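Please read the structure below before turning to the comments.
Residue numbers (my numbering): -18 to 101.
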């Protein structure tokens, strides 16, 4: 079981991810609706994994990722985006993201990516 922080500006996506993760036996230790909130919650909770939407208000996911990596170079962050632009994915991986999931996603895609990142 992993402790996971879910960060997405869309309530529907957070609820869906929470259900998928809980059904797979993981614990959702926190949720964030903005990049800044994700950074603050990461610092407070130190989860095993973060799912982080790229496009969010206040601070975008790429900026939040970079700030999380400054706090903890070993952070396991999985980017989630509906925008499948190769340069964005490459930028995220170069900034320290361990993986990514493209919306819309299936539960098995989410779980397999979480398990892959946890196994690294």
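Where a beta carbon is used, it is the ideal one built from N, C-alpha and C, also for glycine.
All values reported here derive from a predicted model rather than from experimental measurement.
Exposed or buried, which one is residue i when buried takes at least 16 other CB atoms within 10 Å?
i	result
residue -18	exposed
residue 83	exposed
residue -5	buried
residue -11	buried
residue 34	buried
residue 19	buried
residue 42	buried
residue 71	exposed
Checking the sheet assignment: what are the DSSP bridge partners for residue i?
i	result
residue 62	83
residue -16	8
residue 13	-12
Which residues bound the alpha helix (DSSP H) around residue i?
i	result
residue 24	16 to 26
residue 89	88 to 100
residue 49	42 to 52
How far does the beta strand (DSSP E) with residue i in it extend, from its first residue to its last?
i	result
residue -9	Here residue -9 belongs to no beta strand (DSSP E), and DSSP marks it neither H nor E.
residue 34	30 to 34
Given 8 Å as the limit, is there contact between the segment 1 to 16 and the segment 50 to 66, that is, 3 or more CB pairs closer than that?
-> no
With contact counted as at least three CB pairs below 8 Å, one residue from each stretch, are the segment 44 to 53 and the segment 87 to 96 in contact?
-> no
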